[in-house]
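Numbering (my numbering), first residue to last: 12 to 198.
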């Protein structure tokens, strides 16, 4: 279940956001200002934070920097009624996923953006999990006859001392093929 922290000093906005994004796959936590948001961040990890920019106690930009410092993998969406080019640039440079101007066009826009932010977070988590696996745990999965032929060629060439050149488009698995050859080689 994805955890989302919504921080806004206007109760109506907090409620609107919570109702707009609520689903069975999201757990939404509400905070009335930046200081309360910081307290929630100190207690648990979140996948996404949606924060207002102008708030008492601690503004959204300070909260964004704190959040990215404490939970760098968390995505952050900044909302504001006081949008300027300067604050948008500052938010994006500080690590915000996106920057939206209030009032929002409707709940669909927010749901779409939340979905994209959470998908990005999942992709980052998957990539981090993959890079944390040892080489021996990374496998090539092939069902297509053409790919099965490639896997067979890799098995044949791996035990030899031959130099191998692997070419192909980005994202086709060249690195996995090279790792497989390395694992199965004598070197």
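Glycine is no exception: its CB is placed at the ideal position from the N, C-alpha and C atoms.
Where residue i falls: helix, strand or coil (DSSP)
i           : result
residue 14  : strand
residue 135 : helix
residue 64  : coil
residue 30  : helix
residue 112 : strand
residue 177 : coil
residue 164 : helix
residue 107 : coil
residue 92  : coil
residue 86  : strand
residue 40  : strand
Whether residue i touches residue j by CB criterion (9 Å)
i           : j           : result
residue 36  : residue 57  : no
residue 90  : residue 48  : no
residue 81  : residue 44  : no
residue 14  : residue 76  : no
residue 128 : residue 155 : no
residue 63  : residue 20  : yes
residue 92  : residue 114 : yes
residue 140 : residue 85  : no
Span separating the alpha-carbon of residue i from that of residue j
i           : j           : result
residue 181 : residue 187 : 12 Å
residue 87  : residue 190 : 35 Å
residue 197 : residue 171 : 8 Å
residue 30  : residue 112 : 19 Å
residue 71  : residue 99  : 12 Å
residue 23  : residue 193 : 58 Å
residue 83  : residue 96  : 24 Å
residue 161 : residue 51  : 50 Å
residue 32  : residue 130 : 14 Å
When the options are compared against residue i, the one with the closest alpha-carbon
i           : options           : result
residue 46  : 66, 165, 30, 27   : 66
residue 166 : 195, 157, 139     : 195
residue 4   : 139, 179, 140, 64 : Nothing about residue 4 can be read from this structure; the chain reaches only from 12 to 198.
residue 78  : 169, 33, 18, 32   : 18
residue 126 : 25, 137, 59       : 59
residue 34  : 12, 124, 53, 103  : 12
residue 106 : 61, 168, 138      : 61
Residue-chain proximity (residue i, chain C), Cβ-Cβ < 9 Å
i          : result
residue 27 : Here chain C cannot be found, since the structure has a single protein chain.
Handout entry: the region 175-185 in contact with the region 118-130 per 3-pair CB rule at 8 Å
Key = With fewer than three CB-CB distances shorter than 8 Å, the region 175-185 does not count as touching the region 118-130.
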